[in-house]
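Trainee: Just so we're aligned, residue 2 is where the sequence shown starts under our numbering, counting upward by one.
For glycine and all other residues, C-beta sits at the position ideal for the given N, C-alpha and C.
In this text the structure is predicted, and so the values were computed from the model without any measurement.
Quick one: the structure is below, questions incoming.
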Amino acid sequence: MFSEKELKREIIRVMKVLYERELISALGGNVSARMPNSKEIWITPSGIFKGDLHEEDLVKIDLEGNIIEGFMRPSIEWPLHVAIYKKRPDVNAVVHAHNPVTTGLAIAGIELEPITVEAVITLRKVPIVPYAYPGTDELAELVAKHIEGARALVLQNHGVIGVGYNLVEAETIVETLEEVALTQFVAMLASGKKKLRLIPYRDRELATRLYRM
Ligand SMILES: [Zn+2]
């Protein structure tokens with residue numbers, strides 16, 4: 002069993018990776034995580050540089066948004082994070098980033114297709130959440146509605162969300178989203194108007210049964 006200190010270090014590591022991979026800008030994106038079964042979460046702060054956070058920058062809040070520990074203001078997106086934990090007891094980590102290619106495809110009205118094994122197994126079906134202004138209860142409600150049974154969401158005109166049992170799982174989802182989106186974009190550019198060659202339906206069915214999706 003890992004400790005709360007390790008959980009906080011993991012949050013800082015994930016934010017650094019997201020920044021270095023250009024999936025968030027200096028002030029963008031937010032990450033939260035909790036010890037399994039806990040009703041309190043650690044979340045990144047609002048308004049400071051995200052590429053080099055320190056443990057004392059993180060804020061602990063309960064599922065109503067009350068600050069339990071820490072001196073900074075929690076991310077303005079905290080309503081969206083707690084909405085997911087309330088709806089999904091199996092989720093212990095939420096990663097929100099601004100993946101440019103994934104977000105760009107959604108703006109163009111293009112959904113991600115089963116183009117690679119990762120798209121089929123890691124991401125599965127990726128719903129697109131209609132636009133709502135960041136930080137609002139309206140966005141949190143829309144996210145709660147779409148997160149049922151999903152591992153990844155695209156927020157229209159905004160970014161992406163990955164969830165997981167732990168931070169590595171949620172981080173993998175967000176990185177895979179961008180990898181699949183970029184691969185699909187290249188395939189679309191290279192193929193012109195031709196149809197994309199997807200993973201055969203039979204293999205998708207097999208994966209569904211193997212992973213009980
Ligand atoms: Zn955002």
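1) Let me check understanding here. Comparing Cα to Cα, which of Glu206, Tyr212, Glu114 lies closest to Lys196?
2) If contacts are defined as beta-carbon pairs under 8 angstroms, then His147 and Leu140 qualify, I think. What distance do you get, rounded to the angstrom?
3) Could you tell me which residues DSSP pairs with Leu154 in its beta bridges?
4) Three or more beta-carbon pairs under 8 angstroms between the region 84–93 and the region 105–120, yes or no?
5) Can you tell me which residues form a DSSP beta bridge with Trp43?
6) Between the Cα of Asn100 and those of Thr209, Arg205, Leu207, Ser26, spot the shortest distance and give me the residue it belongs to.
7) Between Gly163 and ligand 1, is there a pair consisting of the residue's CB and a ligand heavy atom that are separated by less than 6 angstroms?
8) Can you list, in chain order, the residues of its chain with a C-beta nearer than 8 angstroms to that of Glu56? Leave out the 5 residues immediately preceding and following it.
9) In the structure shown, what three-state DSSP assignment does Pro1 receive?
10) Could you tell me the alpha carbon to alpha carbon distance between Gly52 and Glu21, rounded to whole angstroms?
11) Cβ-heavy atom distance between Gly105 and ligand 1 below 6 angstroms?
Mentor: On the basis of the supplied data:
1) Glu114
2) Actually they do not touch by this definition, with Cβ atoms about 11 angstroms apart.
3) Residue pairing from DSSP places Leu154 in a beta bridge opposite Ile162.
4) no
5) Ala34, Lys61
6) Ser26
7) Annotation for Gly163 indicates a beta carbon at 6 angstroms or more from all heavy atoms of ligand 1.
8) Lys6, Lys9, Arg10, Ile13
9) Outside the modelled stretch of the chain, which goes from 2 to 214, sits residue 1, for which no answer is possible.
10) Going from the Cα of Gly52 to the Cα of Glu21 covers about 7 angstroms.
11) False, no ligand heavy atom lies under 6 angstroms from that Cβ.
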